[in-house]
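Written out below as structure tokens is the structure these notes cover.
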Amino acid sequence: MQRRFNPFEADARWQAVWDEKQSFRADDASSKPRSYVLEMFPYPSGRIHIGHVRNYSMGDVLARFRRMTGHEVLHPMGWDAFGMPAENAAMEKKVHPGTWTRENIANMRAQLKKLGFAIDWSRELATCEPDYYGHEQALFLDMLEAGLVYRKESAVNWDPVDMTVLANEQVIDGKGWRSGATVEKRKLSQWFLKITQFADDLLEGLNGLDQWPDKVRTMQENWIGKSVGLQFGFKPVAPFDQAIDVYSTRPDTIFGASFVAIAADHPVAQAVAADNPQAAAFIEQCKAGGTTAAELETAEKLGFDTGLSMVHPFDPDWHLPVFIANFVLMDYGTGAVMGVPAHDQRDLDFARKYMLPVERVVAAEGDEGKPIHDEAYVGSGRLVNSRFLDGLGIEEAKAAVIARAEADGWGAGKTVFRLRDWGVSRQRYWGTPIPVIHCEGCGVVGVPKADLPVVLPEDVSFDIPGNPLDRHPTWKHVDCPSCGKPAVRETDTLDTFADSSWYFIRFASQPQDKPFDRETVEKWLPVGQYIGGVEHAILHLLYARFWTRALQHMGQLGFAEPFTGLFTQGMVTHETYKAGDGSWLSPGEVKKSGDDYVHIESGAPVSVGRVEKMSKSKKNVVDPDDIIAQYGADAVRWFMLSDSPPERDLPWTESGIEGSWRFVNRLWRLFGQIEADAQGQDASGQDRALDRKLHQTIDGVARDIEALSFNKAVAKIYELANAVEKAAPSVSRNAAIRALALLVAPMTPHLAEEAWADMGETGLIADAPWPPVDPALLVDDEVTIACQVMGKLRDTITVPKGTAKEELERLALAAPNVARILDGATPKKVIVVPDRLVNLVI
RNA sequence: GCGGACGUGGCGAAAUCGGUAGACGCAGCGGACUUAAAAUCCGCCUUCCCCUGGAAAUGCGGGUUCAAGUCCCGCCGUCCGCACCA
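If you count by this note's numbering, then the first sequence holds residues 42 to 883, one letter each, in order.
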């Protein structure tokens with residue numbers, strides 16, 4: 042009998058059943074243990090891509106598994122719906138960003154539903170709707186009141202293509218993260234969130250996130266970039282009258298200082314340039330230098346001697362020359378450094394070039410008199426040539442210098458962070474309006490909460506660049522809520538990263554009248570398992586951590602970290618194909634011919650390139666809709682979980698998805714055999730070996746799913762299926778087949794439901810409990826013992842588990858291949874590891 | 001340059017505590033069924049050799065150990081992140 046699974050009919054039918062029964066609705070009032078499983082919500086670009094499918098398949102397995110193991114599961118979905126692409130579409134296609142976005146959402150929702158994810162759709166939200174962003178405005182006002190928001194005239198990163206401001210995090214190698222355009226500096230009045238107020242907390246908090254990948258924690262740590270040191274002022278040597286503040290993480294080396302270097306745009310440099318054309322020219326030259334990694338790597342350390350001198354803080358007669366240097370950055374520390382050539386490689390290179398003194402002030406045991414040559418000494422040791430510091434360790438010396446500086450009033454210990462406050466103003470239409478009003482009399486006034494949401498106007502045009510809100514005829518003109526006089530609205534909108542900084546909270550609780558209900562939120566959060574791409578390791582995850590801390594700081598929530606567990610999945614990759622003329626070809630345009638590929642249309646040979654991330658430009662993309670239409674949801678889901686560990690890249694292959702499809706059908710035939718056996722002959726006996734295999738598999742698959750090792754769970758299921766197929770009919774075999782349906786239920790839910798119903802079960806498998814494990818069956822009663830001679834495997838013996846050491850030794854010596862190698866010799870030493878191996882040393 | 005991850009068959013990979021390396025899947029090869037194909041089923045599948053067995057093999061070179069993919073030291077390579085960060 043050939044039974045072929047018909048996914049196209051089954052998928053839709055079971056999806057309708059789950060929908061109708063509201064199977065995956067999360068109950069706030071449940072008394073079960075709770076589990077919040079969340080995947081990063083998508084930007085509604087128009088189509089689901091294969092990376093989404095992988096992401097949501099993983100989360101879905103975990104969510105369904107947790108339901109089966111007795112948890113009340115919250116597994117929601119929503120849309121990160123504000124952003125530039127909607128405005129680009131508006132400009133190109135003359136559609137309103139809202140229309141474009143909402144249509145995309147409808148399409149993508151339909152695509153996701155075809156995959157049968159166990160999502161509580163009743164909690165779906167889109168950040169572009171007033172019932173979401175209105176609450177975000179309320180939170181913004183709360184932060185404003187709590188002093189976590191401020192407005193500052195500042196030099197901003199201006200993206201000339203997108204015509205908007207970018208946060209530091211959004212500038213990569215001097216270019217905008219979206220447009221790739223070279224970023225310019227502009228002075229604008231901007232809104233900032235005080236993320237730096239939590240810099241230390243955000244850093245400390247990383248230590249507790251033991252269920253996060255180390256990589257992500259390290260990246261955040263580096264991004265926050267804490268350093269501890271001394272900030273102090275160098276007094277000028279007359280007639281010059283401006284002091285120079287410097288920052289150093291090595292105040293212990295202060296007696297090794299031989300120059301002071303300042304940035305090209307440092308005020309003192311500007312002052313010097315004012316009446317020194319050579320200095321001015323040098324400054325220009327510095328600014329012209331590139332900022333890319335490659336250019337910086339090779340750029341020569343250049344300096345310009347200003348002729349000025351500064352007084353060493355510990356010795357009024359010790360004068361240090363002041364250089365303008367191209368390697369000093371104005372926007373880190375104070376824009377000026379003390380140069381200690383012996384203990385900083387860059388300072389050493391600089392000193393050699395400009396013939397400045399190099400004196401060792403730190404030495405390892407025995408190196409005290411050794412001169413410094415081409416390599417600065419940055420290791421540990423004790424202070425030398427340093428007057429009152431001599432003999433101290435580095436840390437002691439740092440503390441001593443800081444103490445003296447503070448006592449004498451010329452400097453202070455200071456912690457500096459690389460992290461900057463989060464600039465959130467965007468000169469865009471399609472974002473959350475910043476809910477403030479500018480009044481000539483009253484200044485900046487928050488919009489009263491009763492007037493929220495501040496809704497975006499619908500009648501806007503995108504025919505010219507810039508912010509449509511700013512040029513809207515009426516929207517921005519309002520009366521001041523404070524004095525009643527005419528005033529204007531803020532026309533900047535919030536960075537869309539603000540929208541994604543609290544959506545996971547709103548998923549848990551969605552009251553009409555406030556952003557969330559604290560008690561309900563705290564039932565669900567923090568998120569137990571968050572799954573998404575590593576590309577969000579810094580920006581999104583840092584902002585979300587900040588936002589949660591801000592809410593805690595304001596007394597609105599009782600926890601600091603939003604995500605207890607984080608998992609960053611790998612990308613889906615595909616081979617690339619190139620035609621003879623160098624143009625890229627899509628997988629659909631080529632076919633395999635023998636060992637090579639040819640272009641279907643022309644028959645011309647195709648060169649196969651690297652396996653790379655799917656991208657439109659290389660045309661190596663596979664559309665989820667196409668493959669679902671070809672193989673059904675379950676085969677696609679199964680493939681997404683098979684073979685590659687989830688944190689690694691998954692190469693998409695045609696033969697791989699076909700293999701998954703074959704397995705789905707194999708399972709389906711297997712499920713049909715319960716019935717066949719019931720009608721058939723002898724299905725009455727027990728099969729202890731199969732019982733054991735089954736229980737070991739149930740246990741192993743559960744562990745693997747908990748650890749998100751889906752590839753291993755898949756392999757174990759294959760093994761069980763192989764064993765069941767080979768087994769003779771028995772009660773055990775029927776039990777194994779039934780359990781197999783439960784084991785695959787989280788991964789291939791439509792197939793599992795179909796089989797479940799077919800087996801005569803009345804309820805849904807989605808509501809069925811995970812099969813119980815009999816611990817007695819987890820251990821084998823027979824074990825295979827490796828028999829080694831000198832660590833080399835020579836034979837194996839099969840014995841009852843728990844066989845005594847002496848017996849194992851006797852049996853191993855008697856094993857034919859062992860006896861032959863020993864040839865009558867007596868082993869000098871015998872190592873016996875019970876139930877594992879015997880090693881004979883001769 | 002700094003930080004992190006990784007390196008195992010033709011390919012994706014497994015090996016939980018230092019204890020039988022290559023489970024499982026893909027591709028490939030051989031066979032059965034079929035008029036034929038598809039589907040399905042059975043078998044083989046790290047390399048080499050003097051093939052009832054043996055040798056080598058987990059990027060390379062050392063070391064520890066009865067025993068190393070796993071631990072230690074030193075290299076090489078790939079990928080990712082950050083970076084004239086004081």
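Heads up, the beta-carbon is just placed ideally off N, CA and C, and yes, glycines get one too.
Any idea which residues DSSP pairs Pro474 with across the strands? Thr534
Which two residues bound the contiguous alpha helix (DSSP H) that contains Thr561? Arg559 to Trp565
Going along the chain, which residues of its own chain have a beta-carbon closer than 6 Å to the beta-carbon of Leu863, five neighbours each way excluded? none
So what's Glu245 in DSSP terms, helix, strand or just coil? helix
What is the rounded straight-line gap between the Cα of Trp709 and the Cα of Phe46? 6 Å
Measure the beta-carbon distance from Gly452 to Gly274 and round it to whole angstroms, keeping in mind my assumption that it falls under 8 Å. 7 Å
Here's a check: name, in chain order, each residue in its chain whose Cβ is nearer than 6 Å to the Cβ of Tyr191, leaving out the five neighbours to either side. Phe233
Unbroken beta strand (DSSP E) runs of length 3 or more, entirely within the segment 371-396: which are they? 377-380
Identify the residues that DSSP records as bridge partners of His23: which are they? Since the first and last residues shown for the chain are 42 and 883, residue 23 lies out of range.
Hey, quick one: how far does the alpha helix (DSSP H) through His791 stretch, first residue to last? Pro790 to Asp799
Please classify Phe704 as buried or exposed, where buried requires at least 16 other C-beta atoms within 10 Å of its C-beta. buried
For the alpha helix (DSSP H) containing Gln152, list its first residue and its last residue. Pro138 to Lys154
Rounding to the nearest angstrom, what Cα-Cα distance links Asp887 and Arg258 in this structure? Residue 887 cannot be examined here, being either before or after the span of the chain that is shown, 42 to 883.
Helix, strand or coil: how does DSSP classify Gly721 here? Since pLDDT at Gly721 reaches only 49, below the 50 mark, its modelled position is unreliable, and the value read off the structure follows with that caveat. In the structure shown, Gly721 sits in coil (DSSP, three-state: anything other than H, G, I, E or B).
Other residues of its chain near Ala768: CB distance less than 7 Å, five sequence neighbours each side excluded: Asp728, Leu731 and Arg774
Near Pro498, what residues of its chain come up, given a Cβ to Cβ distance below 7 Å and the 5 sequence neighbours on each side ignored? His513 and Trp516
Classify Tyr544 as helix, strand or coil using the three-state DSSP reduction. helix
Using 8 Å as the threshold, is the segment 440-454 in touch with the segment 290-298, meaning 3 or more CB pairs across them? yes
Put Ile365 into one of helix, strand or coil per three-state DSSP. strand
Let me check one thing: in DSSP terms, what residues is Ile572 bridge-paired to? Glu80 and Phe608
Roughly how many angstroms lie between the CA atoms of Glu688 and Pro83, to the nearest whole one? 19 Å
Gly574 to Gln283 span [Cα, whole Å]: 50 Å
Got a sec, what are the start and stop residues for the beta strand (DSSP E) Ala827 sits in? Glu823 to Val830
Given this structure, state the Cα-to-Cα distance separating Ala67 from Arg75, to the nearest angstrom. 9 Å
Exposed unless 16 or more other CB atoms sit within 10 angstroms - verdict on Lys659: buried
Count the other C-beta atoms from every protein chain shown that fall within 10 angstroms of the C-beta of Cys524, then say buried if there are 16 or more, exposed otherwise. exposed
Considering only C-alpha positions, which residue in the set Arg54, Val114, His90 and Phe364 is nearest to Phe548? Val114
When burial is assigned at 16 or more other CB atoms within 10 Å of the CB, is Thr142 buried or exposed? buried
Suppose only complete runs of 4+ residues qualify. What are the alpha helix (DSSP H) ranges in the segment 251-277, listed by chain order? 255-265
Quick check on the DSSP output: the alpha helix (DSSP H) that includes His581 runs from which residue to which? Leu580 to His594
Residue range of the beta strand (DSSP E) that includes Phe300: Phe300 to Ile303
How should His176 be labelled, buried or exposed, when 16 other C-beta atoms within 10 angstroms of its C-beta is the threshold for buried? buried
Near Gly124, which residues of its chain fall below 7 Å by C-beta distance, leaving aside the five closest residues on each side in sequence? Tyr84, Trp471 and Thr537
How far does the beta strand (DSSP E) with Gly484 in it extend, from its first residue to its last? Gly484 to Gly487
Output the boundary residues of the beta strand (DSSP E) element that contains Gly650. Pro646 to Lys654
Who pairs with Pro665 in a beta bridge, going by DSSP? Answer is none; Pro665 lacks a bridge partner.
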